[in-house]
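Residue 508 is where the sequence shown starts when you use the numbering used here, and the numbers rise one by one after that. We treat Cβ as the ideally placed atom computed from N, Cα and C, and that holds for glycine. Here's the structure we're looking at; comments come further down.
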Amino acid sequence: MSKENTLDKFFEGEAKRVKDERKKQLKQKGYAEFYTPEVGETHMTVKYAMPRIVNGKYGSRKVFRIIVNKQEFDFGLSESSPLYRYFVRSLANAKGDVNVVLVRAGTGKSTKYDVKEA
508 MSKENTLDKF
518 FEGEAKRVKD
528 ERKKQLKQKG
538 YAEFYTPEVG
548 ETHMTVKYAM
558 PRIVNGKYGS
568 RKVFRIIVNK
578 QEFDFGLSES
588 SPLYRYFVRS
598 LANAKGDVNV
608 VLVRAGTGKS
618 TKYDVKEA
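Structure, rendered in structure tokens:
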């Protein structure tokens with residue numbers, strides 16, 4: 508077995524172990540995997556539930572439970588975000604789950620979000 512194959516197998520196994528460990532930690536805390544939208548449109552359902560507060564390296568965030576492709580995720584937003592205000596307003600008006608189309612443009616610091624009615 509070549510050195511590259513050994514390294515490939517090690518790093519693949521290690522990546523899987525780290526991912527599984529992270530999922531276990533999140534589940535123990537009552538969280539789902541955090542969702543990062545792709546560039547473009549994402550159809551999602553925002554659950555009508557109390558958002559939780561998470562203090563992380565980017566400050567305090569409110570975490571909403573969302574459903575994308577029949578899978579539950581957590582989605583964190585800053586309270587100063589226009590998207591946060593949209594989610595809160597929509598959930599307050601609907602008094603139930605809300606279907607939205609999230610539009611992501613850009614990457615990194617130039618990322619912008621917009622929302623369309625689903």
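Buried or exposed by the 16-neighbour rule on C-beta atoms within 10 Å, applied to residue i
{"i": "Val607", "result": "buried"}
{"i": "Arg568", "result": "buried"}
{"i": "Val553", "result": "buried"}
{"i": "Val605", "result": "buried"}
Within 8 Å, strictly: CB atoms of residue i and residue j
{"i": "Tyr591", "j": "Leu584", "result": "yes"}
{"i": "Val595", "j": "Val610", "result": "no"}
{"i": "Pro558", "j": "Phe571", "result": "yes"}
{"i": "Thr614", "j": "Val561", "result": "no"}
{"i": "Asp581", "j": "Tyr620", "result": "no"}
{"i": "Tyr555", "j": "Gly520", "result": "no"}
Beta bridge counterpart(s) of residue i as assigned by DSSP
{"i": "Val610", "result": "Glu548, Asp621"}
{"i": "Arg568", "result": "Val561"}
{"i": "Phe541", "result": "Asp581"}
{"i": "Val595", "result": "Looking at the DSSP assignment, Val595 forms no beta bridge with any residue, so it has no partner."}
{"i": "Val605", "result": "Val553"}
Where residue i falls: helix, strand or coil (DSSP)
{"i": "Glu586", "result": "coil"}
{"i": "Asp581", "result": "strand"}
Assess, as a yes-or-no matter, whether the segment 573 to 589 is touched by the segment 526 to 545 under the definition of 3 or more beta carbon pairs within less than 8 Å.
yes
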